[in-house]
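Colleague: In the working numbering, the protein residues as written are 72 to 289. Ideal Cβ positions, reconstructed from N, Cα and C, are used throughout, including at glycine.
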Amino acid sequence: MGPEDGYQPADPRDPQPGEGRRPSRQSRSERPEPESRDPAELAREICLRQLAVRPRTRAELATALRRRGIPAEVADEVLDRYDDVGLIDDAAFARAWVTSRHHGRGLARRTLAGELRQRGVDSELVGEALAQVDGETEAATARALVERKLRAAPSGTPDVLFRRLVGLLARKGYPAGLAVSVVKEVLAARDEEYATFADAVDPDALTDLVGEADDPMR
Numbered sequence: 072m073g074p075e076d077g078y079q080p081a082d083p084r085d086p087q088p089g090e091g092r093r094p095s096r097q098s099r100s101e102r103p104e105p106e107s108r109d110p111a112e113l114a115r116e117i118c119l120r121q122l123a124v125r126p127r128t129r130a131e132l133a134t135a136l137r138r139r140g141i142p143a144e145v146a147d148e149v150l151d152r153y154d155d156v157g158l159i160d161d162a163a164f165a166r167a168w169v170t171s172r173h174h175g176r177g178l179a180r181r182t183l184a185g186e187l188r189q190r191g192v193d194s195e196l197v198g199e200a201l202a203q204v205d206g207e208t209e210a211a212t213a214r215a216l217v218e219r220k221l222r223a224a225p226s227g228t229p230d231v232l233f234r235r236l237v238g239l240l241a242r243k244g245y246p247a248g249l250a251v252s253v254v255k256e257v258l259a260a261r262d263e264e265y266a267t268f269a270d271a272v273d274p275d276a277l278t279d280l281v282g283e284a285d286d287p288m289r
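1) Whole angstroms is fine: what's the gap from residue 187's alpha carbon to residue 224's?
2) Would you check if the region 133-143 and the region 153-162 touch, i.e. whether three or more CB-CB distances between them fall below 8 angstroms?
3) If you run the structure through DSSP and keep just helix, strand and coil, what is residue 203?
4) Quick check for students: name the residue ranges of the beta strand (DSSP E) that lie wholly in the region 214-269, counting only runs of 3 or more.
5) At which residues does the alpha helix (DSSP H) containing residue 185 begin and terminate?
6) Just how far apart, CA to CA, sit residue 70 and residue 233?
7) What are the boundary residues of the alpha helix (DSSP H) that residue 142 is part of?
8) Pick from 210, 222, 230 and 243: whose alpha carbon is nearest that of residue 252?
9) Return the residue from the list 131, 185, 110 and 236 that minimises the CA-CA distance to residue 215.
10) So, are the CB atoms of residue 191 and residue 243 less than 8 angstroms apart?
11) I'd like to check one pair, residue 179 with residue 299: are the Cβ atoms closer than 8 angstroms?
12) Using the C-alpha atoms, what's the distance from residue 122 back to residue 153?
13) Any heavy atom of the ligand HEM closer than 7 angstroms to the beta-carbon of residue 198?
14) Which class does residue 159 belong to by DSSP, given the choice of helix, strand or coil?
15) State the DSSP-derived secondary structure class of residue 208, mapped to helix, strand or coil.
16) Output needed for residue 86: all residues of its chain with C-beta closer than 7 angstroms, excluding positions within five of it in sequence on either side, in chain order.
17) Quick check on DSSP: helix, strand or coil for residue 126?
18) Alpha carbons only, please: which of 268, 182 and 164 is nearest the one belonging to residue 125?
19) On the criterion of 16 or more Cβ atoms from any shown chain inside 10 Å, does residue 131 qualify as buried, or is it exposed?
20) Excluding the five sequence neighbours on either side, which residues of its own chain have a C-beta within less than 6 angstroms of the C-beta of residue 141, listed in chain order?
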């Protein structure tokens, strides 16, 4: 049999059976888990990896397990067990979150409540955690935040600083009335010019003040 019969000898450079391009590498998170892997064992491993990074709520861990294809009944069993031994504690998570984010970043109760709900914390536990921050504490934190920002602020006219500081507090979730009263108080203590301006501010005229968008002091 030769070329005239339509036969072509194999080229040694052609891929041989079983050969070809190497499969593309997959990241560890993209590789499917072996079918023989015990789902409960895998679920425990996923949870422990997540918890090694930072504390997590039950809802956050449930989401991680669902994304990895863990059956719901297996996930519930593992999460229940971790609840029992204290590896998951949404109440403690919420308390620590409020303490850290309020005192560390000056976030108001309203913003903290939203963050906790986004992480799946039960509304009752959110309320209990926020009890650490009463109205007096929130006002004191807002005042300290304004004073710190004012010390670092560039010089400016009273009305410009007033708008920026009120806008700063509004973005952190403070009620408009509290934001205006705190900024008035802090500016009044700065010097006579600022005190005169603060005394003349109408606390009900909030629309423009709270809506100030550009804040170079953030």
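Modeller: In short:
1) Distance between residue 187 and residue 224, taken at the CA atoms: about 31 angstroms.
2) With the cut-off at 8 angstroms, the region 153-162 and the region 133-143 do not touch.
3) The answer is coil: DSSP assigns residue 203 none of H, G, I, E or B.
4) Counting only runs of 3 or more, we get nothing.
5) Looking at the DSSP string, the run of the alpha helix (DSSP H) that includes residue 185 is 180-189.
6) Nothing in the structure corresponds to residue 70, since the chain is present only between 72 and 289.
7) Element bounds for residue 142: n/a, residue is neither H nor E.
8) Minimum Cα distance to residue 252 is reached at 210.
9) The candidate whose alpha carbon is nearest that of residue 215 is 236.
10) Against a cut-off of 8 angstroms, the Cβ pair of residue 243 and residue 191 comes out as no contact.
11) Limits of the chain in this structure are 72 at one end and 289 at the other, which puts residue 299 out of reach.
12) Residue 153 and residue 122: Cα-Cα distance of roughly 11 angstroms.
13) Although the ligand HEM was asked about, the structure shown includes no ligands whatsoever.
14) In this structure, residue 159 counts as coil in the three-state DSSP scheme.
15) Secondary structure of residue 208 (DSSP, three-state): helix.
16) Reliability of the predicted coordinates at residue 86 is poor, the pLDDT of 49 falling under 50, and the value obtained from them is presented with this limitation in mind. Excluding its 5 nearest sequence neighbours in each direction, residue 86 has no C-beta neighbour in its own chain below 7 angstroms.
17) Reduced to three states, the DSSP call for residue 126 is coil.
18) When each option's Cα is compared against that of residue 125, the closest is 164.
19) Within a 10 Å sphere around the beta-carbon of residue 131 sit 16 or more other beta-carbons, which makes this residue buried.
20) If we look at residue 141 and ignore the five residues flanking it on each side, its Cβ neighbours are 110 and 114.
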